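In the numbering used here, the protein residues as written are 7 to 47. Just so you know, even glycine gets a beta-carbon here, dropped at the ideal spot from N, CA and C. What you are looking at is a predicted structure, and each value in this text was computed from that prediction instead of being measured. Report on the structure given below.
Okay, here's the thing in structure tokens:
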């Protein structure tokens with residue numbers, strides 16, 4: 007093959023663990039704050 011096949015690092019076990027913790031925090035109402043939307047220029 008003229009290219010190398012690699013896994014997407016976004017789906018690593020470390021990243022999915024962080025996402026799981028953040029989802030649990032949101033569901034429990036922890037570590038959440040509202041902020042103004044940031045407009046792209």
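A straight-line Cα-Cα distance of about 11 Å links residue 21 and residue 28.
The DSSP-derived three-state label of residue 25 is helix. For residue 11, the three-state secondary structure derived from DSSP is coil.
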